[in-house]
Amino acid sequence: MIIGEPKLAGAEQHCLRLLRWLPRDRFELTALFMKSNPANSWPSFPTDIEVECFANAKVLVQAQRLRRLQKTKHFDVMYACAFETNVMAALAVLDQPQVGLITGYRGFDTPSQLPHRLARNLSEVRADNI
C-alpha cells in the first residue's frame with residue numbers, strides 16, 4: 220500500500236480501511252509513506268502492519284528505493300491511489316510483470332495538465348487495474 224500524503228483525507232482513509240480489513244492470514248501488508256509517517260497519529264492504524272517511509276525524496280529516488288525494497292520483500296501486489304504514488308510504483312516495477320500494480324486517481328488529479336497526462340500514461344502502461 221503506497222500512501223502519498225500524511226493527512227487523513229479520502230484516498231488515505233480508503234488505504235487505512237484496506238489495511239485494517241484485509242485478512243492477515245492471506246496478506247502480508249506493508250504501508251509505504253512517501254512524505255512522512257503519520258501511522259502513530261492516524262486513528263486505529265493497525266499495529267501489526269510494517270511501515271516504511273521515504274520522507275520527501277523526489278519521485279525518481281523513491282522509485283529506486285521502492286525497487287530495492289521490492290527485491291527484498293518480493294511484493295505480489297502494489298496498490299497506489301494518487302498521482303505521484305502511481306508514477307513511483309509504475310517506475311519501480313516497470314520490468315517486473317509478475318508484480319500486480321493497482322493504480323487509481325483522485326478527482327483533483329486533473330488530466331488536462333501535461334505532467335498529470337504523462338504520469339497517467341506511464342502508470343496505465345504498467346498498471347493491471349485502474
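Position one of the sequence shown corresponds to residue 220 (the numbering used here), numbered consecutively onward.
Note that CB positions come from ideal geometry on N, CA and C, so glycine has one too.
Cβ neighbour criterion (16 or more within 10 Å) applied to residue i
i	result
I349	The pLDDT assigned to I349 is 45, lower than 50, so where the model puts this residue is not dependable, and the model offers no usable value.
V273	Sequence check: residue 273 is Phe here, not Val. With 16 or more other Cβ atoms within 10 Å, it is buried.
Q281	buried
F246	exposed
Straight-line Cα distance separating residue j from residue i
i	j	result
G229	L288	27 Å
E350	V312	Because the chain here runs from 220 to 349, residue 350 falls outside it and cannot be looked at.
D267	D347	27 Å
V199	V306	The structure shown does not extend to residue 199, since the chain is modelled only from 220 through 349, so no value can be given for it.
Rounded distance between the beta-carbons of residue j and residue i, thought under 8 Å
i	j	result
I222	L251	7 Å
E224	K254	6 Å
Minimum C-alpha distance to residue i - residue among the options
i	options	result
W240	S263, K226, L227, P316	S263
V270	A276, N256, C234	N256
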